[in-house]
Structures are given as structure tokens and as C-alpha cells.
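Right, one structure below, let's go through it.
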Amino acid sequence: MKAFDMLAKLSEELKRAKEQIFEDFATIIKLKEELYGVRDNQLSHTFTTEDGKSVVLGYRNTDSFDDTVHVGIEKVKGYIKSLASGEKKEDIERVLNLLLKKDKNGNLKANRVLELQKIAEQINDNNLLEGVKIIQESYKPMKTSTFIECYIRDKETGQRISIPLTMTGV
Numbered sequence: 001m002k003a004f005d006m007l008a009k010l011s012e013e014l015k016r017a018k019e020q021i022f023e024d025f026a027t028i029i030k031l032k033e034e035l036y037g038v039r040d041n042q043l044s045h046t047f048t049t050e051d052g053k054s055v056v057l058g059y060r061n062t063d064s065f066d067d068t069v070h071v072g073i074e075k076v077k078g079y080i081k082s083l084a085s086g087e088k089k090e091d092i093e094r095v096l097n098l099l100l101k102k103d104k105n106g107n108l109k110a111n112r113v114l115e116l117q118k119i120a121e122q123i124n125d126n127n128l129l130e131g132v133k134i135i136q137e138s139y140k141p142m143k144t145s146t147f148i149e150c151y152i153r154d155k156e157t158g159q160r161i162s163i164p165l166t167m168t169g170v
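Note that the UniProt record's numbering numbers the sequence shown so that position 2 is 2, with each residue one more than the last.
Structure follows, in C-alpha cells:
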């Protein structure tokens, strides 16, 4: 089938181009680290020419936690149970449970854990703080994919225009 052959060839060309671009920019990123004397932990890098051409490359991450997260969650829930009953307990319980709510894949969201930390610091209870610390230390983000995006700047409007690199984008 001609369509399949064309698409398979195109896929292979995109794969090779992506590998080459990441390889080429790895040198630039390394030079940037040496220049500033800082190890780079960025998930993405944007490189722009004077005439407004940009290449963005990086990694997509998903939040992931190791099994010790459950110990931390139980400590936080233990703190909630230790509170006296009443309106304050219900409010705190509602907020903490919202922050411990898992996404559709069963993972906590890292940004919610940061909010949980702020609340725990305000409450200043050792058991709650310990539970939140365990949750934070169990955080192990996972790289899920690499990406490249490409843009040009419209000379008249100055607006950034994406150059589509996906089959749905062209």
C-alpha cells in the first residue's frame, strides 16, 4: 500500500531528525551549563534566533510516587482523625482530602502536595509535617516523552506562529 509506505518513511525521517536535533542541542545545553556553572535540571529549552525563529525541545513528565507515599497519606489521615470533632475538623478534613485526591491514573498531583506542605507548615503539627515530608520524599517524576516544537515570528504582527510537526497539525 503506497500510503503506508509513505507514512512509514516519513515516520523514520522524523525519528532521525528528532534524534539529530536532540544530539545537536545537547552540545549547546552543555556549553550553557559550563558558562553559568550550574547543572541544568530544566525540562525544556527554548533557543531563538535574532529573526524570531525558535526551537523548543524537552521532556514531558508525569507525577509519580513510590510506595512510601501510602505511609505519608496514612500519617496525614491519622492527623485528621486526631482532631477534636467540630466545624474546624470538617473544614481541615475537606481541604486535606482534596489535596490528597488522586488523578484518573491513581497518582497524587505534585502541585497539590506543595499546597499540602504550606498548610502543614501553618498548622505546625509534627505528625502532619512528617506525613507530608514522607509524601514529598516519595515523589519520583517519570519522563514520558521527548518533544520538539518549532516557531517563527510574524514580521508584521510580531506574533509567534507554530510550525506544525504532527500529522494533525498540518
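Glycine included, every Cβ here is placed at the ideal spot set by N, Cα and C. For clarity, every value in this text was computed on a predicted model and none was experimentally measured.
Considering Cα atoms alone, identify which of the options is closest to residue i.
i	options	result
Ile-73	Ser-54, Lys-89, Gln-20 and Glu-93	Glu-93
Glu-50	Arg-153, Leu-10 and Leu-57	Arg-153
Thr-68	Arg-39, Glu-115, Lys-104 and Leu-108	Leu-108
residue 182	Ile-148, Lys-155 and Gly-106	Residue 182 lies beyond the range of the chain shown here (1 to 170); nothing can be said about it.
Lys-143	Glu-121, Leu-43 and Asp-5	Leu-43
residue 210	Val-38, Ile-21, Glu-121 and Phe-65	Absent from the model: residue 210. The displayed extent of the chain is 1 to 170, so no value can be given.
Glu-19	Thr-146, Glu-33 and Glu-156	Thr-146
Ile-163	His-45, Val-56 and Lys-9	Val-56
Val-95	Ala-120, Val-71 and Ser-82	Ala-120
His-70	Gly-158, Lys-89 and Val-132	Val-132
Could you have a look at residue i and say whether DSSP puts it in helix, strand or coil?
i	result
Lys-140	coil
Arg-153	strand
Thr-27	helix
In angstroms with no decimal places, state the Cα-to-Cα distance between residue i and residue j.
i	j	result
Ile-161	Lys-53	10 Å
Ile-134	Gly-58	29 Å
Met-167	Asn-41	30 Å
Leu-129	Ser-138	14 Å
Gly-86	Ile-80	12 Å
Leu-165	Val-76	45 Å
Ala-3	Phe-22	28 Å
Asp-91	Leu-98	11 Å
Glu-34	Phe-47	17 Å
Asn-126	Ala-110	21 Å
Ile-123	Thr-62	29 Å
Lys-101	Asp-5	46 Å
Ser-11	Thr-27	25 Å
Leu-7	Tyr-151	24 Å
Gly-37	Phe-25	18 Å
Arg-39	Ile-29	10 Å
Lys-32	Met-1	47 Å
Asp-103	Val-113	13 Å
Gly-78	Pro-141	26 Å
Leu-14	His-45	20 Å
Output the boundary residues of the alpha helix (DSSP H) element that contains residue i.
i	result
Arg-39	Counting along the chain, Arg-39 falls outside any alpha helix (DSSP H), and DSSP gives it neither H nor E.
Exercise. Run through the segment 49 to 109 for me and flag every whole alpha helix (DSSP H) of 4 or more residues, listed as ranges in chain order.
Key: 69 to 82 and 87 to 99
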